[in-house]
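In full-length UniProt numbering, the protein residues as written are 1 to 421.
Written as structure tokens, this is what we have:
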């Protein structure tokens, strides 16, 4: 008998590999289960590429199942070879601790921790760090043959360039995690990205060899998110799109989703949002009939910014976007201006009062004094959203926001940030 949740995951394109499709659907139809997804703290923030398995786990919670969120305080010290062509740089214990705290905070934004099936957060350092070397080799090392481990893609792909014993052992440590959660939390399923198949099946092997024959656990992987044009998903012009507002501001985060191509918008609504099928299908029709309105992109940006940040952060991102579109910078606070313009071309200048014509020529806003005078008299020059039309105007301290910068606009779309040193 088919399961409604699994049917929804198929429609959204969120199922890649399953260890036992029929068995899992039977289990989900019979009972509410506990299942887990792990994240290693390789940085103090997750980026959007990390969250698809987590959002999938959240879907299970919304259908009554209990999610277990594993932060890899121990495995983060080892390094997962999956999807890597070279060894990871080992991090200090202190940095791992900082990273764990950052990731926990972001998980709390996505999951419900207070309901009857509230999420549980665990750290594998709590059970791995207390294990002796003898215990590791005797109780777990005997469970897997080297041949079994060498056959896994995440190891086999590294053999030509070499792999340390540290990273070679990673899959067994992750297998111990699944076994620990199975024994102590009744966890029956692990969810991960497509690169985690080898690690997940290793966990199932550890469970199989340490329990009775009828014991059953399951694994699911999520397909890699791709873009229609073949370029890598999850990157902006400034690099990775982080969940941490200090690394990627809510405005930048919002703009990333706004800039989604028509060919990808509906797919991303299915993968990343919790919208119902009917709502998404209506937006799919809008993409076909009214692509210029970009309804799907606007909805995607709103849903994701609200989910990852907050309604207030979404409101601010919309306010910045509207101000930039209209040119009404006066509607923005100074911090919002800094956020909106941190990636525009900039020019450094001494804190000296200057005539407007000299100021915009020196800053490279206008190519010559003659053109600068024309630009000013024609009303094409604005400072911090205030139009300047007099060629005798003196740019001074009142034009320096926080005594540090001025936003100059020429025409409708050409902005420059002048930084004062």
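Backbone N, C-alpha and C fix where the C-beta goes; we use that ideal spot for every residue, glycine too.
First through last residue of the beta strand (DSSP E) which encompasses residue 348: 346 to 349
Whole runs of the alpha helix (DSSP H) within the region 146 to 213, excluding any shorter than 4 residues: Every alpha helix (DSSP H) stretch that sits fully inside the region 146 to 213 and reaches 4 residues is listed by chain position as 146 to 150, 153 to 156, 165 to 168, 170 to 185, 197 to 209.
Buried or exposed by the 16-neighbour rule on C-beta atoms within 10 Å, applied to residue 167: buried
Same chain only: Cβ atoms within 7 angstroms of residue 264, ignoring 5 sequence neighbours per side: 227, 228
Own chain partners of residue 301 with C-beta closer than 7 angstroms, once the 5 adjacent residues on each side are dropped: 254, 257, 258
First and last residue of the uninterrupted beta strand (DSSP E) at residue 48: Taken as a continuous stretch (DSSP letters only), residue 48 belongs to no beta strand (DSSP E), as it is neither H nor E.
Residue interval of the beta strand (DSSP E) (run including residue 283): Note, residue 283: premise wrong, no beta strand (DSSP E); alpha helix (DSSP H) at 277 to 289.
Unbroken alpha helix (DSSP H) run spanning residue 334, endpoints: 334 to 341
Assigned secondary structure, residue 121 (DSSP; H/G/I helix, E/B strand, else coil): Reduced to three states, the DSSP call for residue 121 is strand.
Segment contact, 8 angstroms Cβ cut-off, at least three pairs: the region 322 to 332 with the region 343 to 354: Flag = no, the region 322 to 332 and the region 343 to 354 do not touch.
For residue 384, the three-state DSSP class (helix, strand or coil): coil
Beta-carbon contacts of residue 31 that lie in its chain and below 7 angstroms, excluding the five residues immediately before and after: none
One or two residues paired with residue 232 in a DSSP bridge: Per DSSP, the beta-bridge partners of residue 232 are 226.
Touch test, the region 240 to 254 against the region 311 to 323, Cβ-Cβ under 8 angstroms, three pairs minimum: yes
Residue 219 (DSSP reduced to helix, strand or coil): strand
Coil, strand or helix - residue 17 by DSSP: When secondary structure is reduced to three states using DSSP, residue 17 falls in the strand class.
Assigned exposure category for residue 288 - 16 Cβ within 10 Å defines buried: When all chains shown are included, residue 288 counts as exposed.
Residues bridged to residue 417 [DSSP beta-bridge criterion]: 346, 407
Residues near residue 422 by beta carbon distance below 7 angstroms, same chain, minus five either side: This structure gives no information on residue 422, because the portion of the chain shown stretches from 1 to 421.
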